[in-house]
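Some notes on the structure that comes next.
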Amino acid sequence: MRGRDIRLHFTIGVTLILISLRWANWKEWQRYYPTMIYIVAMSLLYKLFALDKFHLWKFSSHDFFFNSHIAIHLCHTFLINPLYTIIYLSNFPEESFLKKCIYIIKWVLALIIVELLLLSFDHINYFHGWKLKWTIFFDFSMFSMLRIHFKNPLWGIFLSIIFTLFYLYVFGYLT
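Residue 217 in our numbering is what sits at position 61 of the sequence shown, and the numbering runs on without skipping anything.
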């Protein structure tokens, strides 16, 4: 099984590159760039807290291309997260509130499927009370924050501070 599973993070990255070539609005990438930087900053902020105290989740390091969890985290931070951000924002519906909610739910389900795949091949591990239910809550908040940041960066940053403080409190980073 190890021969099959060692390419998972690499495959996710390549797949997102290909999907972004088809479905991301690269002609207007400058519109999405601040929110792409925002998600990079949030990912680096998590790693900063994790290295200082402890991880809630951690990518494993048995990918043939990325030989450490830091390398895998950086791949997600600088490639995978910005790619799904531009794809997500490029196709966000402007119609009804219901369509917006359904769109967010579809993205959360997609990321949950990827995470279940990562879990099944031991490419991600949970610690200190983090469970899949927290990932689901986090993904809903993350996709909401991406859209809010895209529409109103200051409001998105303010709400992100609130969510960050919430996670820091719940998982004992503030003690």
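The C-beta atom is built at its ideal place from N, Cα and C for all residues, glycine as well.
Locate the alpha helix (DSSP H) running through residue i, then write down its first and last residues.
i	result
Tyr240	237–246
Phe215	Taken as a continuous stretch (DSSP letters only), Phe215 belongs to no alpha helix (DSSP H), being part of the beta strand (DSSP E) at 213–215.
Tyr202	185–208
Leu177	164–179
Ser297	288–307
Glu271	253–276
His232	First-last for His232: undefined, no H or E at that position.
On the CB-based measure, 16 or more other CB atoms within 10 Å of its CB, does residue i come out buried or exposed?
i	result
Val264	buried
Pro238	buried
Tyr188	buried
Tyr240	buried
Trp182	exposed
Leu164	buried
Ile173	exposed
Gly285	exposed
Ile261	exposed
Ile236	buried
Met157	Because Met157 sits at a pLDDT of 39, beneath the cut-off of 50, its placement in the model cannot be relied upon, and the point is left open.
Report, in whole angstroms, the separation of the C-beta atoms of residue i and residue j, which I expect to be a contact under 8 angstroms.
i	j	result
Leu230	Leu302	Not really, about 20 angstroms apart at Cβ, beyond 8 angstroms.
Phe166	His211	Going by Cβ atoms, the distance from Phe166 to His211 rounds to 22 angstroms, so no, they are not a contact pair.
Phe306	Thr233	Wrong, their Cβ atoms sit about 19 angstroms apart, outside the cutoff.
Ile175	Val270	Going by Cβ atoms, the distance from Ile175 to Val270 rounds to 12 angstroms, so no, they are not a contact pair.
Ile318	Trp311	So it is not a contact: roughly 11 angstroms between Cβ atoms.
Closest by CA to residue i, which one among the options?
i	options	result
Asp295	Tyr329, Tyr259, Leu310, His279	Tyr259
Glu184	Glu271, Ser297, Lys289, Asn247	Asn247
Ile268	Thr291, Leu254, Glu250, Asp278	Thr291
Met198	Val326, Phe327, Ser297	Ser297
Ile228	Leu200, Cys257, Thr320, Phe314	Leu200
Leu363	Tyr202, Arg178, Val170	Nothing in the structure corresponds to residue 363, since the chain is present only between 157 and 331.
Leu288	Trp213, Val170, Phe314, Pro309	Trp213
CB residue i to CB residue j, shorter than 9 angstroms?
i	j	result
Leu274	Phe322	no
Ile280	Ala180	no
Tyr194	Ser316	yes
Tyr329	Phe253	no
Beta strand (DSSP E) containing residue i: first to last residue?
i	result
Tyr282	280–282
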